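Chains as they are written, first to last, in the numbering used here: chain A, 16 to 639; chain B, -10 to 204.
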C-alpha cells in the first residue's frame, strides 16, 4: 500500500530519494488502482455507455413503476445523470423538477399524506443529498411513508472525499426507518422492493436509498422480487397488527366502568385509514372524540361527538375535558409534549388505554393502564363488538357538561369575541372563510407557527387526509412544497397552502415549479410582517424583548407576478371573500396576500413546562 | 426520581388558568389547587439497576453503527458493548451492559426492535446466566516482584501470557466484579495498559436465544 516515487527534475533525487509517500491508494498496476482511475475518468468526462442495455438506472425506474409511483420529485446532478438519461424511456413516470431538493422531499411528503401512498424524491450526491435531509426528518417525525433516493460517487471513489461526496448514509441513518447504500446494480431490485415495503408497512416512515453512480450505469439482469420474497428477506421486520385479545377485553372493561371517557385520536387513525371504524366505535359507545394536530380529519368536525383539537394551542374545552376525564382512549398518538404539557399534571383522573402500532410508543412518555399494540383500524374493529352499546341519553349529563364548556370556550376566545368585526383583518377570520368557501372539502396545507394553529382551529375539517401539517419536526417552509405534492396526489380536491410571510420566504422558489408543472395550488399568505409565533413568545415569555421577530418581506404581489402567478390582496375583512373567490376562479396557481393584524396572538396558549389547565387565554402584559 | 417532583406541577393560580375560575363547571378539572390530584406517575420505577441486553442482529454493513447511533440519540448510556459472530454466518450477537430503571431498559429493547436488522433482544438481568469478560493487563514487573504478581494471577485463575524484563501481561477472565478485583490488586504494581472485552453473557440451561430468533 505504499508508493515510492522520485522527484523528476531535481538532480539530488538520485542520491537522496524522497521519503516514501504513504497513501490510502492501491499500488499502480493493481486492480484497485485501475478501478479508481477509471472512476475518476468517468467522473471527469461523464462518459455514457455506447450501447443501450438494461442498466441500474432502468431498474430504478422499473421498481418505481412496479410500486405504483406515478410522480416523483427530483433535481439532477452529476452522479444521478445516468438515471435522467433513461427517464425519457419511462413516460408513465412523471418527474417534477423542483427548485431545491428540500422542496422535493416536502412535495413527496405532501403527496404521501393525502394519498396514503409512498412519496418519492430524488437528489444527487453531496449538497443534493444534504438538502433532502430536512424533508426526510420531517417525514420521520410524522411517520410519513417516503423513499428518498440519492446518487453517490462511483464505488471506487467512496471514502476518498471525491467531488460532491458526503457520507449521506451516515447522515440519514438516525433519521430514517432504514437506509441503504447500493454499490451493485444486482441489488437494486431487492433494495427498492424492501424500501417500499418498509416505508409503508407498520408504522410508516422514510427510507433512504443511496446508489453509487457506477451501480446506476452497471448492466444487470437481476429480477424484481415478489412481496413474499421481500418479507422472507426481512426477518427483523414483523410489525404486529392485531391487538392482543386479552388487552382488548381489558379495554372493553375499562370503557364499561368509565363515566367520563374521551377518545384522543392521532395520526395513526389516518395512517390506518380507520376513520370509519373510529366513527362506528364512537357512535356505538357515545364517547366524544378529541384529536391531536395530526389527528385532524380522523373525525368530521361537524359530527355531534367531535369535540376538538387538543394541546398547547388546542381548545380550552378540549383540554379541560382531557383533564377531567376518567378514561382516555388514545388511538394512534404518542403523547407528544405539545399534547400533554407537563406529563405530571396530564389527565390526572384518567386511566389510559393506549393503542399504537409501535410498541416503543407504549409507556415512552406516559405510563398507561391498558396498552394495545396494533393497527388502529384492526384494533377498533376488534374492540367495537366487545363494548356494550351506550345511547347518547345514558351519557347525557356528561355530554351536556362538555357541550356547555365548548360553548363557553368558543365564545370567550379571541375569535368568538369577534375582534375582527372592528374592521381588523385577523387570521382566524381568514382561515374560517377559506374553510367555508371551499366547502371544507379542499386539502389544506399548513406551514409552521401561528398560521398552523389558526388553520388547525378554525378551518373546520370534514375529510380524512385533508389536513397536511409538519407536526413533529415543525418545519418552516413546508407548506408551499408540500402543497405541490398534495395537489398532484389529489387533483380532485382544491389545494390550499396556508403560509406566513416567514415560511413563504423560506421556500418561495417553488412558485416557479407550480408554474412550470401547472400545479394549481392556492396560496393564502398570512402576512403580519412578523415571525408571529416568535413575537408571541417574546411578548409573553421573554418580557417583550422582540429580537429578530420583525421580518421584512418583498412586495408579494410583484413576487407572484414575477413568477407569472396571479396575485390578489386583502387588507380588510370585506376584501377576504372576493379575494378567495378570485383565486378559486384562476385555472392554475394563485396567491392571496392577506395583510393581517400584526400583533394578533394565538390563544389559548399553554406555556412550555406547564399543564393543560394552565392555559393563557389573553394577555394584557405581565402581572405585577 | 422516586419522589414526586415539585416542578410546577400544581395548577397555576395566576388568574389566567381556567382552573381558577371557580363556579364555572362542577367537573374535577375546576377543583381548586389545594385539592389537586397527585401528580401522574412517570413511566418506570426510577430504581436504577445494571442490565445486560443481548441483541441478535443480522450481520449487515452498518448494523453496529445503527445500534450505537440509536443508543446515543435516545440518551441511553452504554457501559460496555461486545460484538461477535454466532454459529450462523449471517447473524451477529451484541452484548450491551447499561444502567437504568426497568422501563428505560424496556425502552432500549423496544427501540432496538425498531431497527430492521435486529432479530431478537433479551434482557438477562433476572435470569441465571454465565457472565464473563476477558481482560489483558500489562503490569510493570521487576525480578523482585514478578513472583508476587504470578501469585495474584493464580489466586484469580488468571494466567501470564507474556513475560519480559520490565513487564508481564496478565490474562484474566471472569465476571465484571472479578476483573475489577484483580485490576485493583495489580494497580499497586503499576498498570501500563489495560484492555477489557466487555461482558458476554449466556443463559444457563438448554434454552437458546439463537433458536428463539424471530424468523
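Every residue gets a Cβ at the ideal spot worked out from N, C-alpha and C, and that includes glycine. Note that the structure is a prediction, hence the values are computed from the model and not measured.
>> Three Cβ pairs or more, each shorter than 8 Å: is that satisfied between the region 68 to 75 of chain B and the region 173 to 189 of chain B?
In response: Look at the beta carbons and you see the region 68 to 75 of chain B touching the region 173 to 189 of chain B: at least three pairs across the two are nearer than 8 Å.
> Would you call the region 83 to 102 of chain A and the region 259 to 270 of chain A touching, i.e. three or more CB-CB distances under 8 Å?
Replying inline: No contact exists between the region 83 to 102 of chain A and the region 259 to 270 of chain A.
> I think residue 200 of chain A touches residue 235 of chain A, with their Cβ atoms under 8 Å apart; what is that distance to the nearest whole Å?
Replying inline: Residue numbering aside, residue 200 of chain A sits at position 185 when the first chain is read from its first letter. Residue numbering aside, residue 235 of chain A sits at position 220 when the first chain is read from its first letter. About 4 Å separates the CB atoms of residue 200 of chain A and residue 235 of chain A; that is less than 8 Å, so the two are in contact.
> So, using beta-carbon positions, are residue 269 of chain A and residue 368 of chain A closer together than 8 Å?
Replying inline: Residue mapping note: residue 269 of chain A aligns to position 254 of the first chain, counting from 1. Residue mapping note: residue 368 of chain A aligns to position 353 of the first chain, counting from 1. Contact flag set, yes.
> For residue 12 of chain B, which three-state DSSP category applies?
Replying inline: Sequence index remark: in the second chain, residue 12 of chain B carries index 23 (1-based). A caution first: residue 12 of chain B carries a pLDDT of 35, below 50, which makes its placement in the model too unreliable to give a value.
> Which of helix, strand or coil does DSSP assign to residue 622 of chain A?
Replying inline: The count along the first chain starts at 1 and reaches residue 622 of chain A at position 607. Residue 622 of chain A falls in the coil class under three-state DSSP.
>> At the level of alpha carbons, what is the spacing between residue 391 of chain A and residue 313 of chain A?
In response: As a first step, residue 391 of chain A is located in the first chain; it is residue number 376 there, counting from the start. As a first step, residue 313 of chain A is located in the first chain; it is residue number 298 there, counting from the start. If you take the alpha carbons of residue 391 of chain A and residue 313 of chain A, they lie about 11 Å apart.
> Leaving out five residues before and five after residue 135 of chain A in sequence, what residues of the same chain have Cβ atoms less than 6 Å from its Cβ?
Replying inline: For the purposes of this step, residue 135 of chain A is identified with residue 120 of the first chain, where counting begins at 1. Cβ neighbours of residue 135 of chain A within its own chain (closer than 6 Å, five residues either side excluded): 84, 87, 123 and 162.
> In chain order, what residues of the region 105 to 116 of chain B put their CB closer than 7 Å to some CB of chain A?
Replying inline: With the criterion set as a beta carbon lying under 7 Å from some beta carbon of chain A, the members of the region 105 to 116 of chain B are 105, 106, 107 and 108, in sequence order.
>> Excluding the 5 residues flanking residue 147 of chain B on each side, which residues of the same chain have their C-beta closer than 7 Å to its C-beta?
In response: Within the second chain, numbered from 1, the residue matching residue 147 of chain B stands at position 158. The answer, listed in chain order, is 159, 160, 161 and 171.
> Can you list, in chain order, the stretches of the alpha helix (DSSP H) that have 4 or more residues and sit fully within the region 412 to 449 of chain A?
Replying inline: Runs of the alpha helix (DSSP H) lying entirely within the region 412 to 449 of chain A, each at least 4 residues long, are 429 to 432 in chain order.
> Among all the DSSP beta bridges, which residues are the ones paired with residue 609 of chain A?
Replying inline: Start at 1 with the first residue of the first chain, and residue 609 of chain A comes out as number 594. Paired residue(s): A:541 and A:585.
> Can you list the residues of chain B that residue 249 of chain A reaches, using a CB-CB cut of under 8 Å?
Replying inline: Within the first chain, numbered from 1, the residue matching residue 249 of chain A stands at position 234. Simply 105.
>> Please list, in chain order, the residues of the region 369 to 388 of chain A that have any C-beta partner in chain B closer than 9 Å.
In response: Residues 373, 374, 375, 376, 377, 378, 379, 380, 381, 382 and 383.
> residue 218 of chain A and residue 351 of chain A: beta carbons closer than 8 Å?
Replying inline: For the purposes of this step, residue 218 of chain A is taken as the residue at position 203 of the first chain. For the purposes of this step, residue 351 of chain A is taken as the residue at position 336 of the first chain. Pairing residue 218 of chain A with residue 351 of chain A gives a Cβ-Cβ distance that is not under 8 Å.
> So is residue 82 of chain B in contact with chain A if we call contact Cβ pairs under 8 Å?
Replying inline: In the second chain, the residue the question calls residue 82 of chain B occupies position 93. By this cut-off, residue 82 of chain B is not an interface position.
> Which residue comes first and which comes last in the beta strand (DSSP E) that contains residue 111 of chain B?
Replying inline: Translated into positions along the second chain, residue 111 of chain B becomes position 122. Here the beta strand (DSSP E) through residue 111 of chain B covers 107 to 112.
> Whose C-alpha, out of A:477, A:394, A:151 and A:464, is nearest the C-alpha of residue 450 of chain A?
Replying inline: Position 435 of the first chain, counting from 1, holds the residue named residue 450 of chain A. With distances taken between Cα atoms, residue 450 of chain A lies closest to A:477.
> How is the alpha helix (DSSP H) around residue 159 of chain B delimited, first residue to last?
Replying inline: Within the second chain, numbered from 1, the residue matching residue 159 of chain B stands at position 170. No alpha helix (DSSP H) holds residue 159 of chain B; the beta strand (DSSP E) holding it covers 156 to 163.
> DSSP on residue 81 of chain B, reduced to helix/strand/coil?
Replying inline: Reading the second chain from its first residue, position 92 is the one you call residue 81 of chain B. Note: residue 81 of chain B maps to strand in three-state DSSP.
>> Measuring alpha carbon to alpha carbon, tell me which residue in A:264, A:480, A:331 and A:226 is nearest residue 620 of chain A.
In response: Here residue 620 of chain A refers to the residue found at position 605 of the first chain. Of all alpha-carbon atoms in A:264, A:480, A:331 and A:226, the one lying nearest the alpha-carbon of residue 620 of chain A is that of A:331.
> Under 8 Å Cβ-Cβ, which residues of chain A neighbour residue 35 of chain B?
Replying inline: In the second chain, residue 35 of chain B corresponds to position 46, counting from 1. None at all; the shortest Cβ gap to chain A is about 12 Å.
> Excluding the five sequence neighbours on either side, which residues of its own chain have a C-beta within less than 7 Å of the C-beta of residue 14 of chain B, listed in chain order?
Replying inline: If you number the second chain from 1, residue 14 of chain B lands on position 25. For residue 14 of chain B, the predicted model reports a pLDDT of 38, less than 50, meaning its position is unreliable; a value from the coordinates is still stated below. No residues qualify anywhere along the chain.
> So, is residue 47 of chain A buried or exposed, given that buried needs 16 or more other C-beta atoms within 10 angstroms?
Replying inline: On the first chain, position 32 is the one that residue 47 of chain A refers to. Under this definition residue 47 of chain A is an exposed residue.
>> Between residue 78 of chain B and chain A, is any beta-carbon pair separated by less than 8 Å?
In response: Within the second chain, the letter at position 89 stands for residue 78 of chain B. Not one chain A Cβ lies under 8 Å of residue 78 of chain B.
>> I need the straight-line Cα distance from residue 110 of chain B to residue 328 of chain A, nearest angstrom please.
In response: Translated into the one-based positions of the second chain, residue 110 of chain B becomes position 121. Translated into the one-based positions of the first chain, residue 328 of chain A becomes position 313. So the two alpha carbons sit approximately 40 Å from each other.
> Quick one: what does DSSP say residue 483 of chain A is sitting in, helix, strand or coil?
Replying inline: On the first chain, residue 483 of chain A is found 468 positions in, with the first residue counted as 1. Residue 483 of chain A sits in a strand when the DSSP states are folded into three classes.
>> Residues in the same chain with beta-carbon distance under 7 Å from residue 169 of chain A, minus the five sequence neighbours each way, listed in chain order, please.
In response: As a first step, residue 169 of chain A must be located in the first chain, where it is residue number 154. Closer than 7 Å at Cβ, skipping near neighbours: 54, 57, 58, 227, 228 and 229.
> Closest by CA to residue 300 of chain A, which one among A:206, A:603 and A:401?
Replying inline: Counted from its first residue, the first chain places residue 300 of chain A at position 285. Selected option, being the one with the closest Cα: A:401.
> Whose C-alpha, out of A:442, A:129 and A:454, is nearest the C-alpha of residue 479 of chain A?
Replying inline: Within the first chain, the letter at position 464 stands for residue 479 of chain A. Minimum Cα-Cα distance from residue 479 of chain A among the listed residues A:442, A:129 and A:454 corresponds to A:129.
> Given that residue 296 of chain A touches chain B, what residues does it touch there, using C-beta distances under 7 Å?
Replying inline: If you number the first chain from 1, residue 296 of chain A lands on position 281. Per Cβ cutoff of 7 Å: no residues; residue 296 of chain A is ~24 Å from chain B at best.
>> Give me the chain A residues within the contact set of residue 30 of chain B, using Cβ-Cβ distance strictly less than 7 Å, ordered along the chain.
In response: Here residue 30 of chain B is taken as the residue at index 41 of the second chain, counted from 1. From the beta-carbon of residue 30 of chain B, the residues of chain A found nearer than 7 Å are 382.
> Taking Cβ-Cβ distances below 8 Å as the criterion, which residues of the region 443 to 470 of chain A are in contact with chain B?
Replying inline: When C-beta distances to chain B are compared with 8 Å, every residue of the region 443 to 470 of chain A stays at or above that value.
>> Which residues of the region 43 to 60 of chain B have a Cβ closer than 8 Å to any Cβ of chain C? Give them in chain order.
In response: Looking for chain C here will not work: the only protein chains present are A and B.
> On the premise that residue 108 of chain B lies in contact with residue 46 of chain B, defined as a C-beta separation below 8 Å, what is that separation, rounded to the nearest angstrom?
Replying inline: Stepping through the second chain from its first residue, residue 46 of chain B is reached at position 57. Stepping through the second chain from its first residue, residue 108 of chain B is reached at position 119. At roughly 6 Å, the Cβ-Cβ gap stays under 8 Å, so residue 46 of chain B and residue 108 of chain B are in contact.
>> By the DSSP assignment, the alpha helix (DSSP H) with residue 97 of chain A in it spans what residues?
In response: In the first chain, counting from the first residue as 1, residue 97 of chain A sits at position 82. Where residue 97 of chain A is concerned, the enclosing alpha helix (DSSP H) stretches over 96 to 102.
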